[in-house]
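Top line first, the protein sequences correspond to chains A and B.
Quick note on the numbering used here: the first sequence kicks off at 1 and runs consecutively.
Quick note on the numbering used here: the second sequence kicks off at 1 and runs consecutively.
Beta carbons: idealized from backbone N, C-alpha and C, even for Gly.
Protein chains: 2
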Amino acid sequence: MSETLLATPTAHADASPKRQAIIEAATRLFMAQGYGPVSMDAIARAANVSKATLYAHFASKDRLFATIVGGRCTQVAFDNAPFPADGLDMRQVLTGIGRRLLGFLLAPETQSILRIAIVESARFPELGTAFLDSGPSMFITRLAAWIAAEHAAGRLDAPDARVAADQFGALLRPLMFLRAMLAVKPAPDEAEIMATVDAAVETFLRAYGPRGR
Amino acid sequence: MSETLLATPTAHADASPKRQAIIEAATRLFMAQGYGPVSMDAIARAANVSKATLYAHFASKDRLFATIVGGRCTQVAFDNAPFPADGLDMRQVLTGIGRRLLGFLLAPETQSILRIAIVESARFPELGTAFLDSGPSMFITRLAAWIAAEHAAGRLDAPDARVAADQFGALLRPLMFLRAMLAVKPAPDEAEIMATVDAAVETFLRAYGPRGR
DNA sequence: GTCTATAGGCCGATAGAC
DNA sequence: GTCTATCGGCCTATAGAC
């Protein structure tokens with residue numbers, strides 16, 4: 001697969017109803033089942049169009065998949081709301097950031113696309129990059145910038161802000177996250193999520209809180 | 001009449017050369033490509049047997065896959081070597097544990113099976129559990145026991161040893177690990193691995209080192 | 001653009017000879 | 001147990017009518 005597979009930003013948003021139906025059906029099926037098990041017949045049937053119409057809009061199953069999933073990566077990207085300004089309680093701020101990030105990571109849409117990106121990254125190398133760039137990388141970069149500012153202000157002691165940001169994200173993905181990715185029951189509940197966030201914040205502050213806390 | 005008490009003819013460890021060839025070929029192909037893309041024809045061809053022979057040993061593709069991958073989970077399990085006894089330098093001990101664990105997590109065999117377990121856990125729920133039980137869960141449990149002992153001895157300050165162990169593992173899986181799972185270049189090199197371990201140990205000791213460090 | 005119909009191939013699984 | 005040969009089905013993709 002070439003990297004041009006993802007570059008399908010048809011300059012004019014094609015609002016053809018059939019095309020839209022195809023995209024919606026393909027998104028639903030691919031996200032639920034991945035690439036292999038979904039047939040073009042099934043997509044055509046779910047979209048209420050014929051296979052010929054399907055192929056009139058998308059040259060091949062590969063291209064349809066890459067278009068759908070690549071676009072989906074940016075669509076479910078982590079909501080990069082701004083981090084709070086100075087003066088708020090550090091623990092509350094971190095807890096809020098952690099809750100938002102972990103909630104995003106555990107959301108069914110995120111899990112689906114992450115699962116698909118992981119397994120299809122061999123066949124579609126651009127998917128891995130698209131997913132990383134769509135959320136995690138940018139989030140860590142922004143969090144690092146915020147941490148650096150807090151460090152400069154003396155409210156954190158994190159000389160290497162990039163590492164600290166990466167580690168805060170990592171602390172939010174303990175075994176519970178792996179268990180969710182592996183679909184091992186029981187699914188994480190709200191209490192477990194909160195406990196994970198609280199523990200991550202606690203450890204982060206123990207490691208990076210201002211000296212002489 | 002059966003001539004042995006130890007082996008049932010069809011069920012267990014059959015040393016038949018054909019069966020062994022099937023297992024080896026299927027392992028290689030499934031690990032490299034996952035479930036869907038590998039056909040029974042391909043496995044038979046790679047094992048130099050006919051498809052009929054294949055089906056004489058394994059009732060279906062599903063069962064063959066579950067047998068192969070389930071067994072593989074325990075085979076590539078993390079080497080649970082004992083943790084060092086008392087009296088050694090804490091930083092060195094943690095660094096050694098971290099290097100071994102991260103090296104294991106990034107090994108191609110581990111990445112393959114983890115990728116497969118993640119994507120096929122919907123179709124084969126037992127795979128997720130098998131993978132978790134084969135390594136990560138037990139490792140965290142053992143690490144937690146060691147941390148609890150160190151806590152009791154006053155060499156660590158980790159009241160909740162289970163959380164601390166889980167977080168140490170999590171600190172070893174920053175973005176670099178996600179990048180590896182997504183097959184995004186460049187692959188982690190030795191320097192990056194060492195830097196990740198050192199940073200994880202540093203943060204862990206900042207958070208859980210003995211008070212008044 | 002959209003349809004029906006089908007080409008052409010590979011799939012999982014089996015029958016029957018030995 | 002092991003083989004050859006094959007079945008019936010589903011797959012991607014296309015031809016041709018409208």
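Contacts of residue i in chain A (Cβ-Cβ under 8 Å)
{"i": "phenylalanine 131 (chain B)", "result": "Leu182"}
{"i": "threonine 141 (chain B)", "result": "Here the premise fails: no neighbours, minimum Cβ distance about 10 Å."}
Per-residue contacts from residue i into chain B (C-beta, under 8 Å)
{"i": "glycine 169 (chain A)", "result": "Pro174 and Leu175"}
Beta-carbon spacing of residue i, residue j below 8 Å
{"i": "leucine 172 (chain B)", "j": "arginine 91 (chain B)", "result": "no"}
{"i": "alanine 161 (chain A)", "j": "isoleucine 147 (chain A)", "result": "yes"}
{"i": "alanine 165 (chain B)", "j": "leucine 132 (chain B)", "result": "no"}
{"i": "isoleucine 113 (chain B)", "j": "methionine 176 (chain B)", "result": "no"}
{"i": "leucine 94 (chain B)", "j": "valine 201 (chain B)", "result": "yes"}
{"i": "valine 184 (chain B)", "j": "threonine 129 (chain A)", "result": "yes"}
{"i": "leucine 54 (chain A)", "j": "alanine 42 (chain A)", "result": "no"}
{"i": "valine 49 (chain A)", "j": "arginine 115 (chain B)", "result": "no"}
{"i": "phenylalanine 83 (chain A)", "j": "leucine 101 (chain A)", "result": "no"}
{"i": "aspartate 80 (chain B)", "j": "phenylalanine 139 (chain B)", "result": "Going by the sequence as given, residue 80 (chain B) is asparagine instead of aspartate. In this structure, phenylalanine 139 (chain B) lies closer than 8 Å to asparagine 80 (chain B) by Cβ."}
{"i": "tyrosine 35 (chain A)", "j": "phenylalanine 58 (chain A)", "result": "no"}
{"i": "serine 134 (chain A)", "j": "threonine 74 (chain A)", "result": "yes"}
{"i": "proline 188 (chain A)", "j": "alanine 180 (chain A)", "result": "yes"}
{"i": "glutamine 203 (chain A)", "j": "alanine 207 (chain B)", "result": "The sequence given here has threonine at residue 203 (chain A), not glutamine. In contact: threonine 203 (chain A) and alanine 207 (chain B) (Cβ atoms closer than 8 Å)."}
{"i": "glycine 209 (chain B)", "j": "leucine 156 (chain B)", "result": "yes"}
{"i": "glycine 70 (chain B)", "j": "glutamate 24 (chain B)", "result": "no"}
{"i": "serine 137 (chain B)", "j": "leucine 182 (chain A)", "result": "no"}
{"i": "valine 76 (chain A)", "j": "alanine 199 (chain B)", "result": "no"}
{"i": "alanine 145 (chain A)", "j": "histidine 151 (chain A)", "result": "no"}
{"i": "arginine 63 (chain A)", "j": "threonine 27 (chain A)", "result": "no"}
{"i": "alanine 47 (chain A)", "j": "alanine 21 (chain A)", "result": "yes"}
{"i": "methionine 40 (chain B)", "j": "lysine 18 (chain B)", "result": "no"}
Where residue i meets chain A, residues with beta-carbon distance less than 7 Å
{"i": "glycine 215 (chain B)", "result": "Because chain B in this structure spans residues 1 to 213, residue 215 (chain B) falls outside the shown range and cannot be described."}
{"i": "proline 125 (chain B)", "result": "Ala183"}
{"i": "arginine 63 (chain B)", "result": "The contacting residues do not exist; arginine 63 (chain B) stays about 18 Å from chain A at best."}
{"i": "serine 60 (chain B)", "result": "Correct list: empty, because the minimum Cβ distance to chain A is about 16 Å."}
{"i": "threonine 203 (chain B)", "result": "Gln167 and Ala207"}
Within chain A, the residues that residue i reaches when beta carbons sit closer than 9 Å
{"i": "aspartate 189 (chain B)", "result": "Within 9 Å Cβ-Cβ: nothing; aspartate 189 (chain B) doesn't reach chain A, min ~17 Å."}
Amino acids of chain B, ordered along the chain, whose beta-carbon sits closer than 7 Å to that of residue i
{"i": "valine 163 (chain A)", "result": "Ala199"}
{"i": "proline 136 (chain A)", "result": "Leu175 and Leu178"}
Where residue i meets chain B, residues with beta-carbon distance less than 9 Å
{"i": "aspartate 41 (chain A)", "result": "Those within 9 Å of aspartate 41 (chain A) in chain B number zero; the least Cβ separation is about 16 Å."}
Query raised in the report: Between the stretch 16-38 of chain A and chain B, which residues of the former have CB atoms less than 7 Å from a CB of the latter, in chain order?
Result: So the close ones are Gly34, Gly36 and Pro37.
Report task. May I ask you to list, following chain order, the residues of the stretch 109-122 of chain B that have a beta carbon less than 7 Å from some beta carbon of chain A? Result -> Residues Arg115, Ala117, Ile118, Val119, Ser121 and Ala122.
Report task. Pull out every residue of the stretch 79-111 of chain A whose Cβ sits closer than 9 Å to any Cβ of chain B, in chain order. Result -> Listed by position along the chain: nothing, the set is empty.
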